[in-house]
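One structure is given here, and the rest of the page talks about it.
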Amino acid sequence: MASLELAQNLSALDKVLALFRWMYSDFILAGPAAILACVYFAPNSPPKKGLLKSLRSPTRQRAIEGIKNAAWDITHLSDFVRHVNDEPEHSGRRFIFATLDESLREIARILIGQNSDISPQDELALSLQQWWPADDAQRISVTWFEYLNQTRDADWWDQYQDRPEYVGETVAHIEHDILAWQPQ
0 MASLELAQNL SALDKVLALF RWMYSDFILA GPAAILACVY FAPNSPPKKG
50 LLKSLRSPTR QRAIEGIKNA AWDITHLSDF VRHVNDEPEH SGRRFIFATL
100 DESLREIARI LIGQNSDISP QDELALSLQQ WWPADDAQRI SVTWFEYLNQ
150 TRDADWWDQY QDRPEYVGET VAHIEHDILA WQPQ
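Residue numbers are given in numbering that gives the first Met the number 0: position 53 of the sequence shown equals residue 52, and the series is strictly consecutive.
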């Protein structure tokens, strides 16, 4: 997400779709990260303050610290969503996502869903329309659910079988790019 934000030649929509494509082809489809990106890249006044702190700082290590903070936010959201989804529907148990961070509250609402009367795909598009043009929100939602519904073949999994350090390699590569970035 940070690398895409620093890429000056992509539109907001292209950044989101490029992230989804990368998640599907080279990583994992991570809902909390995807929704965080949808809010962060949104063109119409999204609550994105603080999601990627100090990304353009001349002190590049501060950018890395900001990215690590965003990764922690995604981890926190993922854990919350897992607890909610793992709880039996009629258990009566409720979970509270307590944060003063408006952005994270909005992302949590989208991840959990608020409207069981419509499909998750339609609900995502509807949620995103508060920050995206309707056509873009629809395209984002359709693309996300197309990736979610595609099954990866064995060849895709095989390419990572002998690469137990793939995630670490990916992080190191992205970190290198972030540290090397220069304002223009």
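All C-beta atoms in this analysis are idealised placements derived from N, C-alpha and C, irrespective of residue type, glycine included.
Computed from a predicted structure; not experimentally measured.
What separation, rounded to the nearest whole angstrom, lies between the Cα atoms of Asp154 and Gly91?
Asp154 and Gly91: Cα-Cα distance of roughly 43 Å.
In terms of alpha-carbon separation, which member of Ala11, Ser24, Leu5, Glu4 lies closest to Tyr145?
Rather than Tyr, the amino acid found at residue 145 in this sequence is Glu. Closest by alpha carbon: Ser24.
By how many angstroms is the C-alpha of Pro45 removed from the C-alpha of Trp215?
The chain is shown from 0 up to 183; residue 215 falls before or after that span and cannot be answered.
Decide yes or no for the touch test of the segment 114-133 against the segment 96-104: beta carbon pairs closer than 8 Å, at least 3 of them.
No: fewer than three Cβ pairs fall under 8 Å.
Is the beta carbon of Leu51 sitting closer than 7 Å to the one on Ala69?
Cβ atoms of Leu51 and Ala69: closer than 7 Å.
I need the boundaries of the alpha helix (DSSP H) containing Glu86, first residue and last residue.
Where Glu86 is concerned, there is no enclosing alpha helix (DSSP H), given that its DSSP letter is neither H nor E.
Can you have a look at Trp71 and say buried or exposed, based on whether 16 or more other CB atoms are within 10 angstroms of its CB?
Trp71 is exposed by the Cβ-count criterion.
Measure the alpha-carbon distance for Val159 versus Asn148 and round it to whole angstroms.
For the sequence presented, residue 159 should be read as Tyr rather than Val. In a straight line, the C-alpha of Tyr159 is about 21 Å away from that of Asn148.
Along the chain, where does the alpha helix (DSSP H) that runs through Arg92 open and close?
Per DSSP, Arg92 belongs to no alpha helix (DSSP H) and is neither H nor E.
Mind the definition here: the segment 167-181 touches the segment 55-65 only if three or more C-beta pairs lie below 8 Å; say whether that holds.
Short answer: they touch.
Report the three-state DSSP secondary structure of Gly49 (helix, strand or coil).
Note: Gly49 maps to coil in three-state DSSP.
Less than 7 Å between the C-beta atoms of Gln40 and Trp143, yes or no?
Here the sequence assigns Phe to residue 40, which means Gln is not the residue at that position. Taking 7 Å as the Cβ cut-off, Phe40 and Trp143 do not qualify as a contacting pair.
Starting from Ala6 and walking both ways along the alpha helix (DSSP H), at which residues does that stretch end?
Taken as a continuous stretch (DSSP letters only), Ala6 belongs to no alpha helix (DSSP H), as it is neither H nor E.
In terms of residues, what are the limits of the alpha helix (DSSP H) holding Gly167?
Per DSSP, Gly167 belongs to the alpha helix (DSSP H) from 165-179.
DSSP three-state label for Pro57, please.
Pro57: coil per DSSP, three-state reduction.
Report the three-state DSSP secondary structure of Arg151 (helix, strand or coil).
In this structure, Arg151 counts as coil in the three-state DSSP scheme.
Skipping 5 residues on each side, what residues in its chain have a beta carbon closer than 6 Å to that of Leu12?
So the list reads Asp135, once near-sequence residues are dropped.
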